Every structure is written in C-alpha cells, then in structure tokens.
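Novice:
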Amino acid sequence: VTCPHLAEAAHATPPAAPDTQACPVCLADGYTDWVHLRQCLVCGQVGCCDSSPRRHASAHYAQTGHPVIRSIEPGESWRWCFVDEAIG
Ligand SMILES: [Zn+2]
Ligand SMILES: [Zn+2]
Ligand SMILES: [Zn+2]
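First residue of the sequence shown: 13, per my numbering; consecutive thereafter.
1) On the criterion of 16 or more Cβ atoms from any shown chain inside 10 Å, does A22 qualify as buried, or is it exposed?
2) Between I81 and C35, which are expected to be in contact by the criterion C-beta below 8 Å, what is the C-beta distance as a whole number of angstroms?
3) So, are the CB atoms of V58 and P30 less than 8 Å apart?
4) When you compare only the Cα positions, how much space is there between P27 and H72?
5) How long is the line joining the alpha carbons of E88 and A69, rounded to whole angstroms?
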C-alpha cells in the first residue's frame, strides 16, 4: 500500500512531543478516561484513540482534514493515515 500522506510525513520534521500525556479535549470536558493518545503530525494536536470513549483524534481529523497521526504511547512509533486507512 502506498500512501502519499505517510510518505510526506516521513520526510517532514515531526511536531515536538507534548509536554504532558493527556488528551486536552477530554480534560477540558472534565474526563480522564481516554485509553491511548495520538498526535496529529500536521499541527501537533493531541487526541485520544478510537478505543477511547470520545475519540478525539478521529474528531480532529473530521474537523481539520489533517490526515496523519502518530502514537505517542511509550515505546510506540507507528503512524496512521485516516484518508488511506494505512499504517506506516
Ligand atoms: Zn494517506
Ligand atoms: Zn479525548
Ligand atoms: Zn492537526
């Protein structure tokens, strides 16, 4: 599977890792029950994964069209493209 978004992200300088391991949208709404955290590689926004109750990483893609996220879980380095549903 060739995904141009993942290929582009591989060449770009990734956004800095967030200072805190938290979903800011969940926190703003008073929740801390996310499962895993993802970071948008376009703008650096952190959101929670699709196993989380509120799925803010997917919501961010739906709102912005930013295609690629990465896992910021300790020890994980994979990336995901929402457009092509490809991992890289
Ligand atoms: Zn893609
Ligand atoms: Zn969240
Ligand atoms: Zn973004």
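C-beta atoms are modelled at their ideal positions from N, C-alpha and C, and glycine is treated no differently.
What you are looking at is a predicted structure, and each value in this text was computed from that prediction instead of being measured.
Specialist: Put simply:
1) exposed
2) The pair is not a contact, with the Cβ atoms about 12 Å apart (cut-off 8 Å).
3) Yes. Within cutoff.
4) P27 and H72: Cα-Cα distance of roughly 16 Å.
5) Cα-Cα distance, rounded: 16 Å.
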